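In what follows, a structure is listed as structure tokens, so that the remarks can point back to it.
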Amino acid sequence: MRRIRFFDTTLRDGEQSPGVNLNADEKLEIARQLARLGVDVIEAGFPVASPGDLEAVRRIAREVRGPVIAALARANRLDIEKAAEAIEPAERGRIHTFIATSDIHMRYKLRKTPDEVVAMAVEAVRYAKRFADDVEFSAEDATRSDWDFLCRIFAAAIEAGATTINIPDTVGYTTPGEYARLIRYVRENTPGIDNVVISVHCHDDLGMAVANSLAAIEAGADQVEGCINGIGERAGNAALEEIIMALRTRKDYYNVETGIVTEEIYRTSRLVSTLAGMHIQPNKAIVGDNAFAHESGIHQDGFLKEPTTYEIMTPQSVGRSHSRLVLGKHSGRHAFRVRLQEMGYDLDEEKIERTYQRFIELADRKKHVTDRDIQALVEEEAVRVPEQFVLDYLHVTSGTSALPTATVRILHDGVPREEAATGDGPVDAVYRAIDRVTGIQTKLAGYFLNAVTGGKDALGEVTVQVQDNGRVYSGRGTSTDIIEASARAYVQALNKLAYDRARAADGAGAGVAQAAGGAN
Ligand code: KIV
Ligand code: ZN
17 MRRIRFFDTT LRDGEQSPGV NLNADEKLEI ARQLARLGVD VIEAGFPVAS
67 PGDLEAVRRI AREVRGPVIA ALARANRLDI EKAAEAIEPA ERGRIHTFIA
117 TSDIHMRYKL RKTPDEVVAM AVEAVRYAKR FADDVEFSAE DATRSDWDFL
167 CRIFAAAIEA GATTINIPDT VGYTTPGEYA RLIRYVRENT PGIDNVVISV
217 HCHDDLGMAV ANSLAAIEAG ADQVEGCING IGERAGNAAL EEIIMALRTR
267 KDYYNVETGI VTEEIYRTSR LVSTLAGMHI QPNKAIVGDN AFAHESGIHQ
317 DGFLKEPTTY EIMTPQSVGR SHSRLVLGKH SGRHAFRVRL QEMGYDLDEE
367 KIERTYQRFI ELADRKKHVT DRDIQALVEE EAVRVPEQFV LDYLHVTSGT
417 SALPTATVRI LHDGVPREEA ATGDGPVDAV YRAIDRVTGI QTKLAGYFLN
467 AVTGGKDALG EVTVQVQDNG RVYSGRGTST DIIEASARAY VQALNKLAYD
517 RARAADGAGA GVAQAAGGAN
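Heads up: the sequence shown is residues 17 to 536, going by the working numbering.
Rendered as structure tokens:
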């Protein structure tokens with residue numbers, strides 16, 4: 017089976033991402049992780065750029081074993097000497113030299129004729145060969161270059177000793193079909209090409225870097241270049257982890273093998289993201305937070321029945337621990353029930369249904385429903401007594417210079433009753449209005465407010481204790497709105513109190529407060 021080589025340029029092209037600046041220790045740490053990932057070549061830097069860059073490449077060359085360590089050089093003697101100095105301690109080193117070949121670059125940037133550019137390429141490869149057997153030659157802006165000129169310069173570079181020729185889509189301009197044709201054209205029209213490695217290097221300006229790289233592999237490229245997380249100049253380079261997983265997941269189609277340890281992908285991605293300070297978008301393929309998360313009820317149900325219904329690769333295959341069922345407003349009962357079981361709750365069907373309904377109401381208001389939210393909902397459900405009073409409507413006005421006023425509507429055995437009241441604060445106003453509606457006068461013995469979850473949309477949990485006839489009744493309410501949570505808690509406590517009173521009136525004896533040891 018054909019083997020595809022992976023050339024990682026996270027430390028060179030990736031470091032050219034705006035705002036990214038890695039120090040030598042950070043580069044070394046990433047290089048070590050890239051070696052664990054199993055890439056074939058690490059392009060460790062551009063040594064002529066700065067003494068720091070040269071030193072970093074040198075340290076990597078000295079300390080990292082396994083992959084070939086490459087250093088970049090323009091087609092001139094100084095660059096090549098610096099690159100040679102940097103890779104000198106490597107077990108296996110490579111000098112990667114390049115020159116632009118498109119008319120636009122040759123005319124405006126280099127101000128050289130095509131013949132002069134060929135001569136410079138040949139001279140550079142020959143000079144690099146004095147220091148390294150392994151020399152890669154790149155035709156910068158190849159995809160906007162004349163195809164016959166490309167074949168001419170590649171043939172000359174091979175003749176001069178290049179062992180790899182690279183065909184970069186420097187400005188992310190090509191398309192998969194066109195790039196595949198170019199690779200085939202170069203393969204068929206470049207003397208000596210059969211004896212060297214054909215490499216491809218794509219940028220993502222039109223969002224096609226990965227697709228272009230894969231098309232090139234289909235067309236016969238042996239080596240693919242790119243960066244972890246797709247970082248790099250402008251819109252970035254081809255994301256290596258995406259190419260790797262495409263080749264693995266669609267082995268039936270590509271029919272190639274690699275030396276990559278895919279289980280190291282996620283660790284590598286996190287390390288690069290942290291050290292480069294480049295956040296990964298949640299929906300990024302393979303390594304984004306949502307890449308193995310399911311929110312819709314239909315998907316969750318399918319996934320729980322058989323993961324392959326909605327996952328084409330396992331999270332473990334890229335080094336992630338598990339898939340995630342995100343509990344949100346699109347979630348169905350199946351996922352909710354499974355989550356309850358995972359959290360150790362064993363509720364009967366009726367309680368599951370009621371908690372699920374509360375959960376859906378909450379998910380409508382809150383972006384992420386966490387396990388602590390669910391815990392709070394379940395606990396609230398667990399101490400349920402028959403509900404004489406049900407909070408139906410709540411409106412509160414309050415502010416720095418307004419008198420707190422609350423209007424409350426409560427269904428009393430299904431009959432709506434509404435009252436308004438003012439108070440010292442919004443909660444006091446609500447409680448006074450509830451007292452008026454229910455006709456129950458109590459003494460508030462305790463009021464506790466807890467943020468159950470973090471974030472601005474946190475779920476507030478309120479616990480209240482009311483005293484009646486020497487007994488204490490507690491109630492708990494949860495909501496993203498703490499006034500509503502306070503009202504729910506109070507109504508729940510009053511329901512228990514009313515339940516006890518009714519039972520006492522019926523001569524039933526022990527009520528909920530007593531049953532729970534005086535206070536519940
Ligand atoms: O994008 C490019 O052309 C490059 C070359 C130096 C290979 O990064
Ligand atoms: Zn590049």
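Idealized CB from N, CA, C, for every residue including glycine.
All of these numbers come straight from a predicted model, not from anything done at the bench.
Exposed unless 16 or more other CB atoms sit within 10 angstroms - verdict on residue i
{"i": "N271", "result": "exposed"}
{"i": "Q457", "result": "exposed"}
{"i": "E358", "result": "exposed"}
{"i": "M17", "result": "exposed"}
{"i": "G441", "result": "exposed"}
{"i": "I115", "result": "buried"}
{"i": "E156", "result": "buried"}
{"i": "E500", "result": "buried"}
{"i": "D473", "result": "exposed"}
{"i": "K267", "result": "exposed"}
{"i": "G177", "result": "buried"}
{"i": "I328", "result": "exposed"}
{"i": "E477", "result": "buried"}
{"i": "A526", "result": "Annotation note: pLDDT 46 at A526 (below 50); position unreliable, no value reported."}
{"i": "Y124", "result": "exposed"}
{"i": "F464", "result": "exposed"}
{"i": "R336", "result": "buried"}
{"i": "R81", "result": "exposed"}
{"i": "H217", "result": "buried"}
As assigned by DSSP and simplified to three states, the class of residue i
{"i": "R433", "result": "strand"}
{"i": "T416", "result": "coil"}
{"i": "K459", "result": "strand"}
{"i": "E59", "result": "strand"}
{"i": "P34", "result": "coil"}
{"i": "T494", "result": "strand"}
{"i": "D24", "result": "strand"}
{"i": "L363", "result": "coil"}
{"i": "V84", "result": "strand"}
{"i": "N411", "result": "Checking the displayed sequence, the identity of residue 411 turns out to be His instead of Asn. In the structure shown, H411 sits in a strand (DSSP, three-state: E or B)."}
{"i": "Y377", "result": "Note on identity: in this sequence residue 377 is Glu, with Tyr being the wrong assignment. Correct three-state label for E377: helix."}
{"i": "S289", "result": "helix"}
{"i": "P184", "result": "strand"}
{"i": "Y489", "result": "strand"}
{"i": "L341", "result": "strand"}
{"i": "D149", "result": "coil"}
{"i": "N306", "result": "coil"}
{"i": "E403", "result": "coil"}
Beta-carbon gap between residue i and residue j smaller than 9 Å
{"i": "G150", "j": "R110", "result": "Sequence inspection shows Asp at residue 150; the Gly mentioned does not correspond to that position. Yes, the pair counts as a contact, with Cβ atoms nearer than the cut-off."}
{"i": "T278", "j": "I296", "result": "no"}
{"i": "A255", "j": "I244", "result": "yes"}
{"i": "L15", "j": "L341", "result": "No answer is possible for residue 15: the residues shown for the chain start at 17 and end at 536."}
{"i": "E258", "j": "I314", "result": "no"}
{"i": "T274", "j": "G30", "result": "no"}
{"i": "S161", "j": "D119", "result": "yes"}
{"i": "E434", "j": "V424", "result": "yes"}
{"i": "A137", "j": "A172", "result": "yes"}
{"i": "S215", "j": "E311", "result": "no"}
{"i": "V41", "j": "V64", "result": "For clarity, residue 41 is Asp in the given sequence; the question names Val instead. No, the pair does not count as a contact, with Cβ atoms beyond the cut-off."}
{"i": "G491", "j": "Y506", "result": "yes"}
{"i": "G208", "j": "I169", "result": "no"}
{"i": "N253", "j": "E241", "result": "yes"}
{"i": "G471", "j": "H350", "result": "no"}
Cβ neighbours of residue i in the same chain (closer than 7 Å, five flanking residues each side left out)
{"i": "T438", "result": "L419, P420, T421, A445"}
{"i": "R353", "result": "I368"}
{"i": "M122", "result": "A116, K128, P130, V133"}
{"i": "A531", "result": "With a pLDDT of only 33 at A531, under the threshold of 50, the placement of this residue in the model should not be trusted; the figure read from the coordinates follows. Hits under 7 Å: none found."}
Same chain only: Cβ atoms within 6 Å of residue i, ignoring 5 sequence neighbours per side
{"i": "R52", "result": "E280"}
{"i": "A503", "result": "L407, L410, V446"}
{"i": "T159", "result": "D185, Y189, T190"}
{"i": "I58", "result": "D24, A47, L50, P83, I85"}
{"i": "R90", "result": "none"}
{"i": "R74", "result": "A102"}
{"i": "V213", "result": "T180, D238, Q239"}
{"i": "K43", "result": "L27, A72"}
{"i": "S339", "result": "F308, P331"}
{"i": "L88", "result": "R28, F62, H112"}
Own chain, CB closer than 8 Å to residue i, minus 5 neighbours either side, in chain order
{"i": "E249", "result": "D29, Q32, S33, H219"}
{"i": "R78", "result": "P105, A106"}
{"i": "T496", "result": "L378, R381, K382, D473, A474, L475, G476"}
{"i": "A449", "result": "A422, T423, V424, E435, A436, A437"}
{"i": "A148", "result": "A100, I103, G109, R110, I111"}
{"i": "D13", "result": "The displayed coordinates of the chain run from 17 to 536. Any statement about residue 13 would go beyond what the structure contains."}
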